[in-house]
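2 protein chains.
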Amino acid sequence: MTDLQDAPLTADRLSELLELAIHEHRLAPGTKLGEDELGEIYGVSRTIVRAALQSLAHQRLVELRRNKGAFVAQPKVKEAREVFEARALLEPRTAHSAALRITDAQIAALQAHIDAEHAAIHKGDHGRALYLSGQFHIEIAKIADQETIAAFIQQLISRSSLIIALYWQRRSALCESNAHHALMKAFIARDGDRAQELMNSHLVDLMTSLDLRNITATPTTLRDALVGS
Amino acid sequence: MTDLQDAPLTADRLSELLELAIHEHRLAPGTKLGEDELGEIYGVSRTIVRAALQSLAHQRLVELRRNKGAFVAQPKVKEAREVFEARALLEPRTAHSAALRITDAQIAALQAHIDAEHAAIHKGDHGRALYLSGQFHIEIAKIADQETIAAFIQQLISRSSLIIALYWQRRSALCESNAHHALMKAFIARDGDRAQELMNSHLVDLMTSLDLRNITATPTTLRDALVGS
DNA sequence: GCGCACAAAATTGTATACAATTACGAAAAC
DNA sequence: GTTTTCGTAATTGTATACAATTTTGTGCGC
Chain A
6 MTDLQDAPLT ADRLSELLEL AIHEHRLAPG TKLGEDELGE IYGVSRTIVR
56 AALQSLAHQR LVELRRNKGA FVAQPKVKEA REVFEARALL EPRTAHSAAL
106 RITDAQIAAL QAHIDAEHAA IHKGDHGRAL YLSGQFHIEI AKIADQETIA
156 AFIQQLISRS SLIIALYWQR RSALCESNAH HALMKAFIAR DGDRAQELMN
206 SHLVDLMTSL DLRNITATPT TLRDALVGS
Chain B
6 MTDLQDAPLT ADRLSELLEL AIHEHRLAPG TKLGEDELGE IYGVSRTIVR
56 AALQSLAHQR LVELRRNKGA FVAQPKVKEA REVFEARALL EPRTAHSAAL
106 RITDAQIAAL QAHIDAEHAA IHKGDHGRAL YLSGQFHIEI AKIADQETIA
156 AFIQQLISRS SLIIALYWQR RSALCESNAH HALMKAFIAR DGDRAQELMN
206 SHLVDLMTSL DLRNITATPT TLRDALVGS
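Residue numbers (our numbering), protein chains in the order written: chain A, 6 to 234; chain B, 6 to 234.
Written out as C-alpha cells, the structure is:
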C-alpha cells in the first residue's frame with residue numbers, strides 16, 4: 006500500500022524528509038547524498054533534489070563540496086562545542102519565558118509529547134525517541150513565542166542530533182526523559198527561574214555525556230535508510 | 006572600467022552582492038526581485054539567480070511567495086522585536102568572550118574598522134556606514150571564536166538592517182559610533198564584564214531608537230539600485 | 001463610465017539537455 | 001607486484017525548454 010496522497014513532493018517537503026532521516030539517525034554522518042539517486046528514490050527531478058540539499062546545507066546538516074556532491078555533515082569537535090554553547094545561551098532564557106507564558110492547553114500538549122517519547126523508548130525505537138526529545142526543546146521555544154529564536158534552536162537541535170551520532174558514548178536507554186519531566190513540573194508551577202536552571206543543567210548533562218575527542222563515522226547506503234519514509 | 010576578473014559569478018557570490026545591496030539600503034524592503042531581471046543584470050541564468058534567492062530566503066532577507074516571486078523581506082513589528090531579543094541573548098556574552106580573547110592585531114583591525122565607519126559617515130555614505138557598523142558586530146563574534154554564534158549574529162545583523170530601513174526614526178547622522186568606540190576601550194582593557202554591559206546597552210539604545218509601530222515601505226527599481234555593484 | 005470575461009503576455013515552477021569535472025578501472029611502464 | 005597513465009563512465013554544474021500560474025490588458029455588456 007503506497008501513499009494515498011501522491012502529491013508531487015516539493016523541495017521543502019523533501020528536505021523535511023531528509024532532515025527527519027538524519028534526525029532519527031537513519032542517515033549517518035558522512036553519507037553521500039547523490040542527486041540522481043535521491044531523485045529516483047523520491048520520483049522527482051534533480052532540480053528539486055538540489056533545492057532540498059541546498060536548504061539542508063544552509064542548516065549545516067549537509068555539506069556541499071563543489072563538484073563532489075552533498076554529504077551528511079560531520080561536525081568537528083569544535084563545532085560540537087560551539088553548538089552546545091549556543092544552546093546554552095539561547096535555551097535557558099527561552100525556557101524561562103516559556104514557563105511564564107505557558108497555557109494549560111500547551112502543558113497538556115507538552116505532556117502528551119513526553120508520553121510519546123516514553124512510548125518510543127519503550128518500543129525500542131531509539132531514532133524516534135531521539136527525534137521527539139529534540140522536538141521537545143523546539144516546542145518550548147514556540148511556547149516562548151519567539152519564532153526567530155525557535156528557528157535557531159531548531160537548527161541547533163538538528164545539528165545536535167548529528168553530534169550525538171558521532172560522539173555519544175553512553176548506551177543508557179533511558180536517555181534524558183527525566184530531565185524533560187523535571188522541566189514539565191517547573192512549567193506547571195510557572196516557575197521561570199527553575200525552568201531556566203533545569204534547562205541549563207540539562208544541556209550541561211547532555212554535553213558531558215558526549216566524548217568530544219574521537220570521531221567514528223559510518224556512512225549509510227541511501228536506499229536502506231530511506232525506504233518507507 | 007569594468008571588472009578585470011570577469012569570473013562567471015556563482016550563486017553564493019550573487020547572494021552576497023544582493024545581501025550587500027540590502028544591507029546598504031540600496032534595495033528597499035518589499036522590492037520585487039524578478040528572476041529574469043536579475044539574470045540579465047548580472048549575466049547569469051535563472052538557475053543561479055534562484056539558488057541565490059533561496060539562500061537569501063533562508064537568511065530571512067528575502068521572502069519567497071509561491072508563483073509570485075521573491076521580494077525583499079518586510080519584517081513585522083513582532084519580528085523586529087524578536088530579532089533584537091535574540092541579539093540581546095547572543096551578543097553581550099559574545100562580547101564578553103571576545104574581550105577576554107582579543108589579540109593586539111585584532112584590536113588594530115577593529116580600530117581600523119571603526120575608522121572606516123567614521124570615514125563613510127564623513128563622506129555622507131550612510132549605506133556604507135550602516136553596513137560597516139553591522140560588520141563591527143560580526144567581527145566581534147569572530148574574535149570570540151564562535152563560528153556558529155557568529156553565523157546567527159550575521160543573520161540577525163542583516164535582518165536588523167531591514168528593520169532599520171523600515172522603523173528607523175531618528176535622522177541623527179552620528180548614529181552609534183560612540184558606542185562602538187566605548188566597546189573598543191573595553192576590549193583594549195580586556196574588560197569582559199564591561200564589554201558585555203556596553204554591548205547590552207548598545208542594543209537597548211538601538212532598539213529604543215526604532216519606532217516599532219507603523220510600517221513605511223518604499224520598494225525600489227532593481228537597476229537603479231544595483232548598477233555598479 | 002464601470003465591471004466582468006476572456007485572451008495575451010509575462011513570470012515562476014519543473015524537467016531535461018548539455019558541459020565541466022571528478023571518479024573509476026584497465027593497461028602499460030617500471 | 002606496484003605505480004602511473006589515460007580513457008571511459010559517472011556525477012555535478014549550468015543553461016535552456018516547456019508547463020503551470022499569475023498578471024495584464026482588451027473588449028464587450030450594462
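Where is the CB? At the ideal position from N, CA and C, for every residue including glycine.
Everything numeric in this text was worked out from a predicted model, so none of it was measured.
{"Query": "For residue 172 (chain B) and residue 217 (chain B), believed in contact at Cβ under 8 Å, the rounded distance", "Result": "6 Å"}
{"Query": "Those runs of the alpha helix (DSSP H) which lie wholly inside the region 138-223 of chain A and span at least 4 residues", "Result": "152-172, 182-193 and 197-213"}
{"Query": "Interface flag, residue 153 (chain B) vs chain A, CB-CB below 8 Å", "Result": "yes"}
{"Query": "Neighbourhood of residue 157 (chain A) by C-beta, 8 Å cutoff - its chain only, sequence neighbours within 5 removed", "Result": "91 and 95"}
{"Query": "Residue 167 (chain A) vs residue 230 (chain A) beta-carbon contact at 8 Å", "Result": "no"}
{"Query": "Min CB distance residue 178 (chain A) to chain B below 8 Å", "Result": "With a pLDDT of 48 at residue 178 (chain A), under the threshold of 50, the predicted position of this residue should be treated as unreliable, and no value is reported."}
{"Query": "Helix, strand or coil at residue 67 (chain A) according to DSSP, with G and I counted as helix", "Result": "strand"}
{"Query": "CB contact flag (residue 16 (chain A), residue 60 (chain A), <8 Å)", "Result": "yes"}
{"Query": "Backbone secondary structure at residue 74 (chain A) - three-state DSSP", "Result": "strand"}
{"Query": "Closer than 9 Å at the beta carbon, the chain A residues around residue 91 (chain B)", "Result": "95, 151, 153, 154 and 157"}
{"Query": "Contacts of residue 98 (chain B) in chain A (Cβ-Cβ under 8 Å)", "Result": "94"}
{"Query": "C-beta atoms of residue 152 (chain A) and residue 134 (chain A) nearer than 8 Å", "Result": "no"}
{"Query": "Secondary structure, alpha helix (DSSP H): runs of 4+ residues fully inside the region 69-133 of chain B", "Result": "82-106 and 109-127"}
{"Query": "CA-to-CA distance, residue 205 (chain B) to residue 187 (chain B), given in whole angstroms", "Result": "12 Å"}
{"Query": "7 Å CB neighbourhood of residue 155 (chain A) in its chain, flanking five on each side removed", "Result": "143, 146 and 147"}
{"Query": "Cross-strand partners of residue 43 (chain B) (DSSP beta bridge)", "Result": "DSSP, once it has assigned bridges, lists no residue as partnering residue 43 (chain B)."}
{"Query": "Identity of the residue in A:107, A:136 and A:63 nearest residue 200 (chain A) by Cα", "Result": "A:107"}
{"Query": "Supposed close pair residue 46 (chain B), residue 208 (chain B) - CB separation, criterion 8 Å", "Result": "Contact flag wrong, Cβ pair sits at about 36 Å."}
{"Query": "Cross-chain neighbours of residue 101 (chain A) in chain B, by beta carbon under 8 Å", "Result": "None at all; the shortest Cβ gap to chain B is about 11 Å."}
{"Query": "Nearest-angstrom Cα separation, counted from residue 169 (chain A) out to residue 56 (chain A)", "Result": "26 Å"}
{"Query": "Run of the alpha helix (DSSP H) containing residue 19 (chain B), from where it starts to where it stops", "Result": "16-28"}
{"Query": "Where the region 34-59 of chain B meets chain A: residues whose CB sits under 7 Å from a CB there", "Result": "56 and 59"}
{"Query": "8 Å CB neighbourhood of residue 165 (chain B) in its chain, flanking five on each side removed", "Result": "88, 89, 92, 139 and 211"}
{"Query": "Residue-level contact to chain A via CB, residue 88 (chain B), 8 Å cutoff", "Result": "yes"}
{"Query": "Any chain A beta carbon closer than 8 Å to residue 207 (chain B)", "Result": "no"}
{"Query": "Close beta carbons around residue 102 (chain B), own chain, < 6 Å, minus the five adjacent residues each side", "Result": "149"}
{"Query": "C-alpha distance - residue 175 (chain B) paired with residue 215 (chain B), whole-angstrom precision", "Result": "8 Å"}
{"Query": "CB contact check: residue 84 (chain A) to chain B, cutoff 8 Å", "Result": "yes"}
{"Query": "Status (buried if at least 16 other CB within 10 Å, exposed otherwise) for residue 98 (chain B)", "Result": "buried"}
{"Query": "Alpha carbon of residue 65 (chain B) to alpha carbon of residue 159 (chain B), nearest angstrom", "Result": "12 Å"}
{"Query": "Residue burial classification, residue 194 (chain B) (beta-carbon count within 10 angstroms, cutoff 16)", "Result": "exposed"}
{"Query": "Test: residue 63 (chain A) CB closer than 8 Å to a CB of chain B", "Result": "yes"}
{"Query": "Where residue 28 (chain A) falls, given that 16 or more other Cβ within 10 Å makes a residue buried", "Result": "buried"}
{"Query": "Through-space distance from residue 197 (chain B) to residue 105 (chain B), alpha-carbon basis", "Result": "6 Å"}
{"Query": "Residue 230 (chain A), enclosing alpha helix (DSSP H) - first and last residue", "Result": "227-231"}
{"Query": "Simplified DSSP state of residue 58 (chain A), which is helix, strand or coil", "Result": "helix"}
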